[in-house]
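*Asks:* Counting in the working numbering, the sequence shown runs from 123 upward without gaps.
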Amino acid sequence: MARYWYNVQTHEVEKDAQSGWQSLIGPYESREEAEHALAKVQERNAAADALDEDEED
Numbered sequence: 123m124a125r126y127w128y129n130v131q132t133h134e135v136e137k138d139a140q141s142g143w144q145s146l147i148g149p150y151e152s153r154e155e156a157e158h159a160l161a162k163v164q165e166r167n168a169a170a171d172a173l174d175e176d177e178e179d
């Protein structure tokens, strides 16, 4: 089964991790999921930031 990765340096999707791990987000089961990797990271970061703010109050 192929795995897909999002390369944060080239902003391209890679099939079966072609680059070094420091450049990749994943793995994802589909190319489409990998294409939306940055949006998913931003959503998770926003959720974590909201939790941090709640804990500080």
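Glycine is no exception: its CB is placed at the ideal position from the N, C-alpha and C atoms. As the structure is a computational prediction, the values presented were derived from the model and not from experiment.
Is the distance from the Cβ of S145 to the Cβ of V130 below 8 Å?
*Replies:* Closer than 8 Å, so yes.
*Asks:* Which residues in the same chain as A124 place their Cβ atom closer than 8 Å to its Cβ, once the five residues preceding and following it in sequence are excluded?
*Replies:* Closer than 8 Å at the Cβ level, and outside the excluded window around A124, lie K137 and D138.
*Asks:* First and last residue of the beta strand (DSSP E) that includes E134?
*Replies:* Segment E134 to K137, the beta strand (DSSP E) holding E134.
*Asks:* What's the C-alpha gap between D174 and N167?
*Replies:* Going by the C-alpha atoms only, they are around 10 Å apart.
*Asks:* Distance check for A170 and S152, CA to CA, integer angstroms please.
*Replies:* So the two alpha carbons sit approximately 25 Å from each other.
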